Ligand code: TRP
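In our numbering, the protein residues as written are 24 to 354.
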């Protein structure tokens with residue numbers, strides 16, 4: 024069986040961007056792959072080092088989101104990154120194989136640094152700039168074959184593959200080169216029409232939003248700005264609501280598109296229909312989440328079970344790494 028490793032930063036609840044970008048794929052693939060999901064608290068601390076309470080509490084939110092969408096803990100192992108210090112050890116060895124210039128070119132990191140001027144000012148931390156190196160260690164400590172993720176993670180996978188090639192060529196063949204698996208909706212627009220839905224951008228529909236919240240958010244979403252009156256002709260390609268219809272209203276998108284273009288569909292009705300369809304999908308997820316959220320004992324058992332599955336694999340892998348790097352003293 025091929026192996027999957029993917030993960031989420033515990034910095035907030037997950038939203039429909041995560042759902043379509045990665046979670047749906049994980050749920051679908053967990054039957055055919057040996058699947059591991061990492062709650063990346065060490066990575067979350069790279070830009071939340073000053074807010075450990077936030078990271079701590081969101082470990083459970085992210086766990087709940089994964090379970091609520093249908094991750095089955097009997098098939099998929101979910102674990103906390105910091106409980107596997109072998110990942111940090113491997114990160115140190117990998118950091119010799121990456122240049123600072125290469126890290127500074129990573130487009131996802133570049134964009135994040137720009138967005139985090141408040142935190143970093145003019146000079147970014149060593150830890151944040153280096154998180155792609157630690158992500159390479161996340162993936163390869165389990166020697167994963169595939170990584171289901173959104174397209175913002177492609178630069179991380181590219182760097183991981185470069186590190187693996189370099190490691191293998193210097194120390195001898197040790198790791199696979201992992202492949203990304205991208206969904207049909209690798210990047211979901213925000214409610215404000217911006218190109219990416221994000222927790223920090225305040226433009227997201229969360230998996231645990233209730234019906235009223237979903238309706239309110241959809242009603243406030245940005246549509247084609249040239250369609251002002253109900254019977255004006257619209258351009259669905261410039262409309263966030265239509266973008267979401269493609270995700271949530273699969274069988275009706277052709278009609279929706281044609282009616283909008285002809286001017287026979289008003290934006291208010293169009294939004295109502297979208298809100299109904301989102302509620303149909305998220306309603307059961309929210310219910311499952313509420314059911315689980317009071318069962319802290321079960322959640323802890325799932326995390327411990329994940330740890331027990333990962334720990335021996337990580338230990339073995341580091342033994343091998345130490346051997347390949349000729350630092351296996353007294354073993
Ligand atoms: N960087 C990912 C994100 O921001 C989270 C993550 C950490 C991850 N380690 C990973 C994703 C390993 C895939 C594989 O969402």
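Glycine residues also receive a C-beta, built at the ideal position from the N, C-alpha and C atoms.
Since the structure is predicted, the reported quantities are computational estimates derived from the model, not experimental observations.
Check: Under 8 Å, do residue 231 and residue 36 count as touching if we go by C-beta distance?
Finding: yes
Check: Going by C-alpha distance, which of 111, 160, 225 and 81 is nearest residue 198?
Finding: Residue 198 has its Cα closest to that of 160, out of 111, 160, 225 and 81.
Check: Which same chain residues, not among the five before or five after residue 353, have their C-beta less than 8 Å away from its C-beta?
Finding: Within the same chain, residue 353 has no close Cβ partners at all.
Checklist line | Minimum C-alpha distance to residue 147 - residue among 189, 70, 102 and 31 | finding: The option with the nearest alpha carbon to residue 147 is 70.
Margin query: So residue 120 and residue 28 are supposed to be a Cβ contact under 8 Å. How far apart are they, rounded?
Written below: So it is not a contact: roughly 19 Å between Cβ atoms.
Notebook entry, point to check: Which two residues bound the contiguous beta strand (DSSP E) that contains residue 31?
Noted result: 26 to 31
Item checked: Nearest to residue 208 (by Cα), restricted to the options 266, 158 and 215 -> If we check each option's Cα against that of residue 208, 266 comes out closest.
Next item on the list: Given a cut-off of 8 Å, decide if residue 51 and residue 168 are closer than it, judged by their beta-carbon atoms.
Entry: No.
Check: Thinking just about the alpha-carbon of each residue, which of 349, 24, 30 and 38 is nearest to the one in residue 194?
Finding: 349
Margin query: What does DSSP give as the partner residue(s) for residue 100 in the beta ladder?
Written below: 59
Check: So is the beta-carbon of residue 172 under 7 Å away from any non-hydrogen atom of the ligand TRP?
Finding: yes
Next item on the list: Return yes when the C-beta of residue 29 is under 7 Å from any heavy atom of the ligand TRP, and no when it is not.
Entry: yes
Check: For residue 270 versus residue 43, is the C-beta spacing smaller than 8 Å?
Finding: Yes. Within cutoff.
Notebook entry, point to check: Exposed or buried, which one is residue 123 when buried takes at least 16 other CB atoms within 10 Å?
Noted result: exposed
Next item on the list: Classify residue 342 as buried or exposed, calling it buried when 16 or more other Cβ atoms lie within 10 Å of its own Cβ.
Entry: Exposed.
Checklist line | Sufficient close CB pairs (3 or more, under 8 Å) joining the region 232 to 243 to the region 291 to 308 | finding: yes
Checklist line | Residue of 337, 336 and 309 minimising C-alpha distance to residue 84 | finding: 309
Next item on the list: Mind reading off the beta-carbon distance from residue 45 to residue 171? Whole number of angstroms is fine, and I expect it under 8 Å.
Entry: Between the beta-carbon of residue 45 and that of residue 171 there is about 5 Å, and that keeps the pair under the 8 Å contact cut.
Next item on the list: Would you be able to state if there are at least three C-beta pairs under 8 Å between the region 242 to 257 and the region 56 to 72?
Entry: no
Check: Is any heavy atom in the ligand TRP found nearer than 7 Å to the beta carbon of residue 345?
Finding: no
Next item on the list: Following the continuous beta strand (DSSP E) through residue 204, name the residue where it begins and the one where it ends.
Entry: 202 to 205
Notebook entry, point to check: residue 121 bridges to which residues according to DSSP?
Noted result: Its beta-bridge partners do not exist; DSSP assigns none.
Check: With a Cβ-Cβ cutoff of 8 Å, do residue 344 and residue 59 count as a contact?
Finding: no
Item checked: Pick from 217, 260, 292 and 90 that is closest to residue 252, judged by C-alpha positions -> 292
Margin query: When you compare the CB of residue 26 with every CB in chain D, is at least one pair closer than 8 Å?
Written below: Of the protein chains in the structure, only one exists, and it is not chain D.
Checklist line | Close-in-space but distant-in-sequence residues of the same chain around residue 54 (CB under 8 Å, 5 per side omitted) | finding: 98
Margin query: DSSP three-state label for residue 412, please.
Written below: Lying before the first or after the last residue shown, residue 412 is absent from the chain, which here runs from 24 to 354.
Item checked: Beta-carbon separation (whole angstroms), residue 261 vs residue 247, contact threshold 8 Å -> 4 Å
Note to self: I need the boundaries of the beta strand (DSSP E) containing residue 171, first residue and last residue.
What the structure shows: 169 to 172
Check: In or out: residue 109 buried (at least 16 other Cβ within 10 Å) or exposed?
Finding: buried
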